[in-house]
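Asker: Can you read through this structure? Questions will come right after.
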Amino acid sequence: MDAAELAHIAALEMQTHGLLPEFGPDVLREVQARADHIESQGPERHGDIRDLRQRLWFSIDNDDTQDLDQLSWAEQRPDGQVRLAVAVADVDTLVHQGSATDAHAAINTTSVYTAAGVFPMLPTRLSNDLTSLHEGRERLAVVVEMDVDGDGAVTGSQLYRAVVRNQAKLTYDSVAAWLDGQAGAPAAVGASPALQAQLTLHDRVARSLRHWRTRRGALNVMTAQARPVFADGQLVDLRADRKNRAKDLIADLMIATNGATARHLADNGQPSLRRVLQEPKRWDRLVKLAAEHGASLPAAPDALALDQFLTARRQAAPAEFEELSLSVVKLLGSGAYAAALPGAPASGHFGLAVNDYAHSTAPNRRFVDLVTQRLLKASLAKQPPPYTIDQLTVIAQQCTMQEDSASTVERRVLKAAAAFLLHDRIGESFDAIVTGAAPKGTFVRIVSPLVEGRVVRGFEGLDVGDTLRVTLRSVDLEQRFIDFERA
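For the sequence shown, my numbering begins at 51 and goes up steadily by one.
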């Protein structure tokens, strides 16, 4: 199977699950008109916009990422606090509410990351170019500036618009290796003592933010995503793409930013879209899973107790922690979006141990973030909200539904890739972990290639988190079936 074949499969899956794999001609014409206007007139700058181009802003992302959504900068203050600023690309400036481009984004609501490649929410002329915070390019941004004390608490924040310039495009793997002392500094970092100081300060403040959440029950898990590997255009493997120190750093900054965003909207009387994760329905299975490892959890859901169990297991058996993390993530379930009125009781996020959480840091990739950006800009301009609460409720439902659809597409394309890799390995046995146990079937994940399949024989009594040996029984590339039986 080559990349083109897999891309064709992915496009069919997009259509089957109610997602648009291509942009209509009206969208492409609109984007070209925007590009032509910028080339002739320059970017539009209305309102109170600060000039922060001289700050040492930088980005950290994957090696091949082109749709850069955020930059950051930090400053140690004399009072012991750290001033942390996150600049988010002002996508709304070029994607106007009610436009054809906005309508396409409102249907898909997210970029879809498949083993065949990315189906972007916005045309790449925008997301990979005009609105991307590329190194050396001046861009408009919405800045969330926070004061973080030594304990990791955000003691204050302010939001404003600014023009910024990315001074250094860094990558997760190289930054993580340098922070861990396993490799020399990336070229841009090695050449700039100021950038070295920025990364060191960022790493310290990110850890303090994480520790503050951990003390309140935020879950520290370690999971891996499958990444396709091609050689000479042919698919040869699905390997694990794991978290690292730099990815954790950025995640901690984004969680703090999203919290500050939600609080700003609430404090200024604006409605918002929140990301929520309710208490797990299968807490009883988590209790049993802990008991199997010689630990006890309370009868009622308790995030702090669960994280203390996870921390102890990570220290006691680090080699097994990824499997345990996967089981916990599956049992927690997926989150959802909800519209919230200002002053209404906040719906929290069980896994992050935060009560105020509004996605805002990836407007190139998520429609929720673009809508939130419009709410923020209206608030900063002292204008009425651009959406009613009823409209936000509909958007929240659409985004939740399409996020699930995107996950299904990603999973099925991955299954197609894995089916190709496994079609000549019928009868082989693999170590596996149960990732799903429901009336619709029992599912397991194997490591090489990293993929899930259904147990069609010998599944009786299995539950999420159980480990076992399975034998590959059959593969159906067309139906995306990978069937195992208990060995």
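Idealized CB from N, CA, C, for every residue including glycine.
Keep in mind that this is a model prediction, so the values were computed, not measured.
Below 8 Å on the Cβ atoms is my guess for residue 526 versus residue 469; work out the distance and round it to an integer in Å.
Answerer: Right, the Cβ-Cβ distance comes to about 7 Å (below 8 Å), so this counts as a contact.
Asker: Between residue 226 and residue 296, how many whole angstroms is the CB-CB distance? I'm expecting something under 8 Å.
Answerer: Contact holds; Cβ gap of about 4 Å.
Asker: For residue 323 and residue 412, which I take to be in contact (beta-carbon distance under 8 Å), what is that distance rounded to the nearest angstrom?
Answerer: Their Cβ separation, rounded to whole angstroms, is 13 Å, which puts residue 323 and residue 412 out of contact at 8 Å.
Asker: Return the chain-ordered ranges of every beta strand (DSSP E) run that is complete within the region 91-168 and spans a minimum of 3 residues.
Answerer: Fully enclosed beta strand (DSSP E) runs of 3 or longer: 99-101, 107-111, 120-126, 132-139 and 162-164.
Asker: Work out the CA separation of residue 103 and residue 261 for me, nearest whole Å.
Answerer: Taking the straight line from one Cα to the other gives about 32 Å.
Asker: Nearest CA to the CA of residue 471: which residue from 146, 498 and 487?
Answerer: Ranking 146, 498 and 487 by Cα distance to residue 471 puts 498 first.
Asker: Using only alpha-carbon positions, find the residue among 192, 392, 139 and 132 that is nearest to residue 178.
Answerer: Per the Cα distances, 139.
Asker: Does the structure place the region 515-529 close enough to the region 471-484 that three or more beta carbon pairs sit under 8 Å?
Answerer: Segments in contact, yes.
Asker: Buried or exposed for residue 135, please, with buried defined as at least 16 other CB atoms from any protein chain shown within 10 angstroms of its CB.
Answerer: The residue in question, residue 135, is buried, as its Cβ has 16 or more Cβ neighbours within 10 Å.
Asker: Look up residue 407 in the DSSP assignment and say whether it is helix, strand or coil.
Answerer: Of the three classes helix, strand and coil, the one that applies to residue 407 here is coil, per DSSP.
Asker: According to DSSP, simplified to helix, strand and coil, what is residue 498?
Answerer: Residue 498 falls in the coil class under three-state DSSP.
Asker: Quick check for students: name the residue ranges of the alpha helix (DSSP H) that lie wholly in the region 320-377, counting only runs of 4 or more.
Answerer: The region 320-377 contains these whole alpha helix (DSSP H) runs: 333-342 and 353-366.
Asker: Would you mind working out which of 428, 161, 109 and 461 sits nearest residue 73, comparing C-alpha positions?
Answerer: If we check each option's Cα against that of residue 73, 161 comes out closest.
Asker: State the Cα-Cα distance for the pair residue 482 and residue 330, rounded to the nearest angstrom.
Answerer: Answer to the nearest angstrom: the Cα atoms are 24 Å apart.
Asker: Tell me the rounded alpha-carbon separation between residue 85 and residue 416.
Answerer: Distance between the alpha carbons of residue 85 and residue 416: 21 Å.
Asker: List the DSSP bridge partners of residue 387.
Answerer: DSSP, once it has assigned bridges, lists 325 as partnering residue 387.
Asker: Would you call the region 427-447 and the region 204-221 touching, i.e. three or more CB-CB distances under 8 Å?
Answerer: They touch, by the three-pair rule.
Asker: Which stretch, first to last residue, makes up the alpha helix (DSSP H) that contains residue 316?
Answerer: Here the alpha helix (DSSP H) through residue 316 covers 295-317.
Asker: Assuming residue 391 and residue 142 make a contact with CB atoms under 8 Å, what is their CB distance in whole Å?
Answerer: Rounded, the Cβ-Cβ distance is 22 Å, inconsistent with contact.
Asker: Assuming residue 501 and residue 464 form a contact by the criterion Cβ under 8 Å, report the distance between their Cβ atoms to the nearest whole angstrom.
Answerer: Confirmed, Cβ separation roughly 6 Å.
Asker: How long is the line joining the alpha carbons of residue 88 and residue 529, rounded to whole angstroms?
Answerer: Using only the alpha carbons, I get a separation of about 46 Å.
Asker: List the whole-angstrom C-beta distance separating residue 196 from residue 306, where the pair is believed to meet the contact cut-off of C-beta under 8 Å.
Answerer: Their Cβ separation, rounded to whole angstroms, is 6 Å, which keeps residue 196 and residue 306 in contact under 8 Å.
Asker: With respect to the beta strand (DSSP E) encompassing residue 222, which residues constitute its N-terminal and C-terminal limits?
Answerer: Here residue 222 belongs to no beta strand (DSSP E); instead the alpha helix (DSSP H) covers 222-229.
Asker: Going straight from the alpha carbon of residue 487 to that of residue 351, what length do you get?
Answerer: Their Cα atoms are separated by approximately 20 Å.
Asker: By DSSP's criteria, residue 517 is part of a beta bridge. Which residues make up the other side?
Answerer: According to DSSP, residue 517 bridges with 483.
Asker: Is the number of C-beta pairs between the region 434-441 and the region 450-457 that are closer than 8 Å three or more?
Answerer: No: the two stretches stay apart, fewer than three of their Cβ pairs being nearer than 8 Å.
Asker: Can you name the start and end residues of the beta strand (DSSP E) that residue 191 belongs to?
Answerer: Taken as a continuous stretch (DSSP letters only), the beta strand (DSSP E) holding residue 191 covers 188-198.
Asker: Quick one: Cα of residue 144 to Cα of residue 423, how far?
Answerer: The alpha-carbon atoms of residue 144 and residue 423 are separated by roughly 12 Å.
Asker: Please name the residue, chosen from 231, 97, 259 and 266, that lies closest to residue 192 on a Cα-to-Cα basis.
Answerer: Checking every option, the nearest Cα to that of residue 192 belongs to 97.
Asker: Which one or two residues does DSSP pair with residue 219 in a beta bridge?
Answerer: Answer is 109, bridged to residue 219.
Asker: Within its chain, find whatever has a CB closer than 8 Å to the CB of residue 345; leave out the 5 residues flanking it on each side and keep chain order.
Answerer: Same-chain partners within the cutoff: 359, 362 and 363.
Asker: Please look up how many angstroms separate the CB atoms of residue 493 and residue 508, rounded, as I've assumed it's under 8 Å.
Answerer: Not quite, the Cβ-Cβ distance comes to about 13 Å (not below 8 Å), so this is no contact.
Asker: Measuring CA to CA, which of 301, 389 and 379 is closest to residue 18?
Answerer: Because the chain spans 51 through 537 in this model, residue 18 falls outside it and cannot be assessed.
Asker: Who are residue 207's beta bridge partners in DSSP?
Answerer: Bridge partners of residue 207: 196.
Asker: Thinking C-alpha only, which one of 163, 175 and 99 is nearest residue 83?
Answerer: The option with the nearest alpha carbon to residue 83 is 175.
Asker: Quick one: give me the first and last residue of the beta strand (DSSP E) that residue 288 is part of.
Answerer: Unbroken beta strand (DSSP E) run through residue 288: 284-292.
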